[in-house]
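> Numbering (the working numbering), first residue to last: 22 to 298. Beta carbons are placed, not taken as given, at the ideal position from N, Cα and C, and that holds for glycine. My questions all concern the structure below.
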Amino acid sequence: MKLEKEWYISENDYVCPYCQKHFPKKGICTHIQRVHLGIKFGSGYNGHYNEKNFKEKISESGKKYYVEKFGKIKEFKVVCFKCQKTFIVNEREFRFPEKKKYFCSRQCANSREKNEETKRKISEGVIKSLTLQGKQRIKNTEYFCSVCGCKLDTKRKYCKNCYRRKRREHLTKFKEYQRECQFDFKLSDYPDKFDFSLIKEYGWYKAKNHGNNLNGISRDHMLSITHGFKNNIDPQIIKHQANCQLLRHNDNSSKHIRCSISIENLLQKIKEWDQNE
């Protein structure tokens, strides 16, 4: 805003012609624009117009300008550059066509047909990258099944048939080991070794189809059967009375295959148990 001469009093003192207040040179223009003229900085419009009407006027003038210069929005039929499918686009009539190539979808636009030359260049780029990283690239390596000797497509130890056979054999051995590790003693023979108050409070665990007491007590292997199977531990150690504890079935299930005692501590406990009998 250009300052009039009548506003000037001294180099650092100007007076407002509306309210006669004194301001420095930098403050007088801001004061008049905000207080007396109602201009809001950054909005770009005179404060005498309310914001709603001004926005509507700007919107109408903008629409009118686009219609006069570029025309109205209309529907046009175009053909996809890749799949030759016909579809409709909405564009202004004077600007159509806005694109040199039209695609019916993003999948069509991003699809690429790789010829042998492109594949060769990609392969060379990968080899060069691995060489710079100091990694050795294995060329023409053949893989064979370690059981039947048949040729494999990828690096594996077994083919599918041998893997399934090995898996069945493993499960069969585990089930046999699991049966051998089941407790076969009576708790009533050891009244001083176990906490029978839990049984009085919760009762024995029973499945839904056999009494439905899911919160009952069950016998737990402190050193789990799975740990014993993986480490070739004698089933007689796993099924020993010293490896048994009474737990609520929910706690037993959440424990899963974890062990609550080490093999060293269990062997010491078995030794003490046998000595006290």
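Just to confirm the assignment: which complete alpha helix (DSSP H) runs, minimum length 4, are found wholly within the stretch 130–154?
Runs found: 137–153.
> Using the DSSP secondary-structure output, state which residues sit across from H43 in a beta bridge.
Partner(s): V36.
> Closer than 6 Å by C-beta to N67: which residues in its own chain qualify, once you throw out the five before and the five after it? Chain order, please.
With a pLDDT of 48 at N67, under the threshold of 50, the predicted position of this residue should be treated as unreliable, and no value is reported.
> Buried or exposed: which applies to L287, given that a residue is buried once 16 or more other Cβ atoms fall within 10 Å of its Cβ?
Result: buried.
> How far does the beta strand (DSSP E) with R269 in it extend, from its first residue to its last?
C265 to R269 is the span of the beta strand (DSSP E), which, as asked, contains R269.
> Three-state secondary structure (DSSP) at G63?
For G63, the pLDDT reaches just 49, beneath the cut-off of 50, and the residue's location in the model is therefore unreliable, leaving the point undetermined.
> Quick check on N252: does DSSP put it in helix, strand or coil?
Residue state, collapsed to three classes: coil.
> Quick one: using the 10 Å Cβ neighbour count with 16 as the cut-off for buried, is L153 buried or exposed?
By the 10 Å Cβ count, L153 comes out exposed.
> Relative to the C-alpha of D174, which candidate in Y164, C183, Q289 and V168 has its C-alpha closest?
Among Y164, C183, Q289 and V168, the Cα nearest to that of D174 belongs to Y164.
> Roughly how many angstroms separate the alpha carbons of N131 and C180, rounded to a whole number?
C-alpha separation (whole angstroms): 37 Å.
> Taking 6 Å as the limit between beta carbons, can you name the residues of its chain near K229, skipping five residues before and five after?
Result list for K229: empty, nothing under 6 Å.
> Alpha carbon to alpha carbon, how far is H219 from H248?
Checking the sequence, you will find Leu at residue 219 rather than His. Whole-angstrom Cα-Cα distance: 27 Å.
> Nearest-angstrom Cα distance between K120 and E138?
The straight-line gap from Cα to Cα measures roughly 29 Å.
> Is the stretch 180–189 touching the stretch 239–259 in the sense that three or more CB pairs, one from each, lie closer than 8 Å?
They do not touch, by the three-pair rule.
> Can you look up R127 in the DSSP assignment and give me helix, strand or coil?
Residue state, collapsed to three classes: helix.
> Can you give me the C-alpha to C-alpha distance between T107 and F97, rounded to a whole angstrom?
In a straight line, the C-alpha of T107 is about 10 Å away from that of F97.
> At which residues does the beta strand (DSSP E) containing N111 begin and terminate?
Where N111 is concerned, the enclosing beta strand (DSSP E) stretches over T107 to R113.
> Roughly how many whole angstroms lie between the Cα atoms of F102 and Y123?
So the alpha carbons of these two residues sit roughly 6 Å apart.
> Please list, in chain order, all residues of the same chain as R279 whose beta carbon is under 8 Å from its beta carbon, the five residues on each side excluded.
Same-chain partners within the cutoff: S245.
> Can the beta-carbon of I291 be found less than 9 Å from the beta-carbon of I254?
The answer is no: Cβ separation not under 9 Å.
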